[in-house]
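Contents: one structure, followed by commentary.
2 protein chains.
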Amino acid sequence: MGLNNNHGGNIYEAARKYCLREEEILDFSSNINPLGISNKVFRALKDNLKDVVKYPDSDSAKLREAIGKYHSINPENIIVGNGATELIHYIPRMLISKKVLIPVPTFSEYEAASIASGAKVKYLRLKEDSGFGLDEKALNKALNSVDMFFLCNPNNPTGQLLPKKSVIKIADSAEKRGVVIVLDEVFIDYNEKESLISDAVKIKNLIVLRAFTKFFAMPGLRLGYLAANSLLIKRLNERRPPWPVNSLAQAAGIISLSDKAYIKDGISYVKKESGFLLKELSKIDGLLPFPSSTNFILVKIKNDGINVKKLYNILAKKGILIRDCSNFALSERFFRIAVKKRDKNKRLLNELRNIFAEY
Amino acid sequence: MGLNNNHGGNIYEAARKYCLREEEILDFSSNINPLGISNKVFRALKDNLKDVVKYPDSDSAKLREAIGKYHSINPENIIVGNGATELIHYIPRMLISKKVLIPVPTFSEYEAASIASGAKVKYLRLKEDSGFGLDEKALNKALNSVDMFFLCNPNNPTGQLLPKKSVIKIADSAEKRGVVIVLDEVFIDYNEKESLISDAVKIKNLIVLRAFTKFFAMPGLRLGYLAANSLLIKRLNERRPPWPVNSLAQAAGIISLSDKAYIKDGISYVKKESGFLLKELSKIDGLLPFPSSTNFILVKIKNDGINVKKLYNILAKKGILIRDCSNFALSERFFRIAVKKRDKNKRLLNELRNIFAEY
C-alpha cells in the first residue's frame, strides 16, 4: 500500500514503530484545527448515529444545499466526495487529462492521482530563495504544454498564500490555453476572502476544491467538495458511483457550516497561535521557519549536525510526531508542524530548544 | 446524477416526491438486516465518535486483521472499500477490463462500473422459466469472448443461490479462459458455508466481494471488502487512493464480526421471516413470489390489471416503498421486497391483499 504511508497523521504506523499508545501521541504531523470538532457537530453526530442503518442520500442534497448557501453558489455546481483526496483522484480521471502541471513542493496526491489516471506529469519547481513563490513567466511557459494544472492555495507544505487577484490572473492565463486549473483551497479557511469558490461557477476552466477535514477537524469522517461551472460539473458527474459520502459526514457537514461561533474562534485562535509559534521558532538557533497563511508552518533545519530523519526519530521516541517533508521533494532539512493549542505548542518548542542546544 | 436514482433505499427522493417524512417511511426497497444494527456496534460507534478528529488508518490494518480472522484468511489478501459499490467500480478500472460478462437481471452497478471503466459489456440472459438460473452451456460459450465476469451469489434481485460446488466449477471454467470472476457475495451471510471467500486466496482469477452494509445493517457508514490471491491484490492496490474508509466504519466493522450472538440471531430471524413472507405472498391471488436464499424476495405480478409502477405509487402514497425491478431489465411486472420484522411484513401483506382483491 505504497502511497498510503507518505502522509501526515499516520499515528497508527508511528504507534507500532515506536511502541506508543495511539492516544498518547502528540501529532504535529496532520494539519487539523487545534480547537477540535465543534460541540454542535459532535452532538449532531450522536443524534444521527441511529441513521447509519439507512442508506445515505446518494445525492447529498441537503449537504450541497448547505454548502451552496455558505458560499452563495448554486448547489447544482457542487460535487461532494469521500474526502478531498477522493476528488483529487477523480478529477484527472474523469476529464481524461493527458499532461498535468504540478508545482514542487506541494501535496503529493496531485502527482499520484495524475499518474494513476494515466497522465504525464510536468513539474514546476518553486524556489526556496523566493520563499517558494510561483514565478509567473515560468508558469505561463509551462502552461503551454499541459491540459491540467494543480494549484494548492495556500500551498502545502509552504503555507504561502497567493492573493485572489493573482489566482484570477493565472486562471485567465490557463483559460486562454485551454488548461483546467484544479485549485485546492483546503487550507484557505483562515483567509476566506481570498477564496475563488464563489467565482468558480463563472470561470470556464476552474475547479475549486474544499474540505471539512482540516478546518472542521473531522478527517476521520472523510468529507470534501468541489465547485465548478455547469459544463465541468456535468462531465464530472456523468458516471459518478453512488453513495460516495457516508451519512454521518453529511450530517456533520451541514451543522459545521452553521456554527458561526466555532468558525470565528477557529480563525482567530490559529492566527494568534501561528504568530506565537513563528516568533518562538525564529528564536531557536538552527531553525528557519517560513511565514504561513494557514494552520501549519514549514521549518528548515539550518544546522548541519542534524537532518530531519534524525529529528523525527528523537521527537517520535518522545511521542511527538512532526511531518518529515522529504517526500515533498524537499531536501532532508525540511519539516512541517501543525499549529496546535498553546500548551502543546510550548511542549514542542521546549523539545526543539533542547535538541538544537545540543547540535 | 443519473445513476444514483436507480437503487433501492432512496427514502430521500421518495420523501420529497410523496410529501412523506423520512422517518415515517416503511422501506422494503433496501435489503438491510431487519434486526437493525447490533447494540455492541452502536456502543462502539458512540465510544469512537471522539476519534473523528484523527485521520483514519489508511491501511485499515486492525479491520483487515478482524476480517482475516473471521474468514480464516491472511489480512494481506483483503482490500477494504467505501462500500462494496466503490470496489465494484474500482476493480474493472484497475484490471483494465476490455469486455465484461454480466447476467441479466442482476445488480445494476456491474454494468455502470464496466461502462465507466471503458469496457464493453456482454449480457447473459437468465430465463424466468428456469427460475432465473445460470445455463452452464450458454455461460461457457459467453466466457470465451470476455475477460471479466460479474456473478452475484445469491443473485440480486432473484434471491437465487448457486451452491459452492457450482461456483467452483464456473471459476475453473473461467480460469481456463483467463477470465477474472468478480463474485459478489454481499447477500451470502445467511448461507456462509456456500461462500468462496476463504478459497479466493488460492484461486488464480477470483475476486470475492463482501459488505457490512446489508447483514450488519450499516449502509450509512459505507463498508465493503474483497479477498483475492496476492497477485490480484498487488495489481488492485497499486495506486489505491489513501483513506478510503472512514474511522467509524473501521471501528464498526471490527466489533460487528465479534458479535456472534447478533450474527446467529440475524440468520435465524431472516430464515424464519423469509419463509413466512413467501408462504403468505403465495396465497395472494395475482402474485408469484420466487423462493429466495437471502433477505429479500422477488415477486411477479400475474394480474394484468396492474403493473409495478401503479403498485409502487399506491404503496408509496401510504408510506411504503417497494423496489420497482424494471431497471433490472425485467418487465414491468416485477418488484422486490426486503424481509423486515413480523409486524411490518404483516402490514405490507395486508396492503397487498387489499390491493389485489380489487384488481
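Going down the list, the protein sequences come from chains W and H.
Residue 315 in the numbering used here sits at position 319 of the first sequence; the count goes up by one each step and never skips.
Residue 252 in the numbering used here sits at position 256 of the second sequence; the count goes up by one each step and never skips.
Backbone N, C-alpha and C fix where the C-beta goes; we use that ideal spot for every residue, glycine too.
- At least one C-beta of chain W is nearer than 7 Å to the C-beta of H:P215.
- At a cut-off of 7 Å between beta carbons, H:L97 makes no contact with chain W.
- For W:G220, the enclosing beta strand (DSSP E) has its first and last residue at 220 to 223.
- Excluding five sequence positions before and after H:A325, the CB atoms of its chain that fall closer than 7 Å to its own CB belong to V100, P101, given in chain order.
- About 22 Å separates the CB atoms of H:G4 and H:S34; that is not less than 8 Å, and the two are not in contact.
- Separation of H:T290 and H:S162 (C-alpha to C-alpha, rounded to the nearest whole angstrom) is 18 Å.
- Closest in alpha carbon position to H:S288, among H:D281, H:K314, H:L277, H:G282, is H:L277.
- H:P88 sits in a helix when the DSSP states are folded into three classes.
- Beta-bridge partners assigned by DSSP to H:R319: H:R332.
- In the DSSP assignment, W:A207 falls within the beta strand (DSSP E) that extends over 202 to 207.
- Out of H:L139, H:Y265, H:E9, the CA that lies nearest to the CA of H:G32 is found in H:Y265.
- Remark: C-beta atoms of W:I280 and W:I333 do not approach each other more closely than 7 Å.
- From the beta-carbon of H:T81, the residues of chain W found nearer than 8 Å are P237, P238, W239.
- Around the Cβ of H:K133, a 10 Å sphere holds fewer than 16 other Cβ atoms; the residue is exposed.
- With fewer than 16 neighbouring CB atoms inside 10 Å of its own CB, W:D43 falls in the exposed class.
- W:H67 and H:G174 have their C-alpha atoms roughly 51 Å apart.
- Boundaries of the alpha helix (DSSP H) harbouring H:Y106: 105 to 112, taken from the DSSP string.
- According to the DSSP assignment, W:Y14 belongs to no alpha helix (DSSP H), since it is labelled neither H nor E.
- DSSP places H:K296 inside the beta strand (DSSP E), whose first and last residues are 292 to 297.
- In this structure, the beta-carbon distance from H:E20 to H:I7 does not fall below 7 Å.
- Against chain W, the beta carbon of H:P101 has no neighbour under 9 Å; the closest one sits roughly 18 Å away.
- W:F38 reaches chain H at L45, K46, V48, counting residues in chain order whose Cβ is nearer than 9 Å.
- Pairwise C-beta distances place the stretch 114 to 129 of chain H out of contact with the stretch 63 to 78 of chain H, as fewer than three of them are shorter than 8 Å.
- With fewer than 16 neighbouring CB atoms inside 10 Å of its own CB, W:N309 falls in the exposed class.
- If only complete runs of 4 or more residues are kept, the stretch 96 to 166 of chain H shows the alpha helix (DSSP H) at 105 to 112, 132 to 139, in order along the chain.
- One Cα belongs to H:L274, the other to H:L219, and the distance between them is close to 30 Å.
- With respect to chain W, the C-beta atom of H:I333 has no partner C-beta closer than 7 Å.
- Residue-level contact check: W:N242 touches chain H, since one or more beta carbons of chain H fall below 7 Å from its beta carbon.
- W:G77 is bridged by DSSP to W:G220.
- In the DSSP assignment, H:I229 falls within the alpha helix (DSSP H) that extends over 226 to 233.
- W:I351 sits in a helix when the DSSP states are folded into three classes.
- From the beta-carbon of W:S226, no residue of chain H is found nearer than 9 Å; the closest lies around 13 Å away.
- W:I28 carries a coil assignment under DSSP once its states are collapsed to helix, strand and coil.
- For the options H:I74, H:V37, H:D23, the alpha carbon positioned closest to that of H:N233 is the one of H:I74.
- In this structure, H:A257 sits away from H:A40, with a CB-CB distance that is not shorter than 7 Å.
- At a cut-off of 7 Å, the C-beta of W:S254 has no neighbouring C-beta in chain H.
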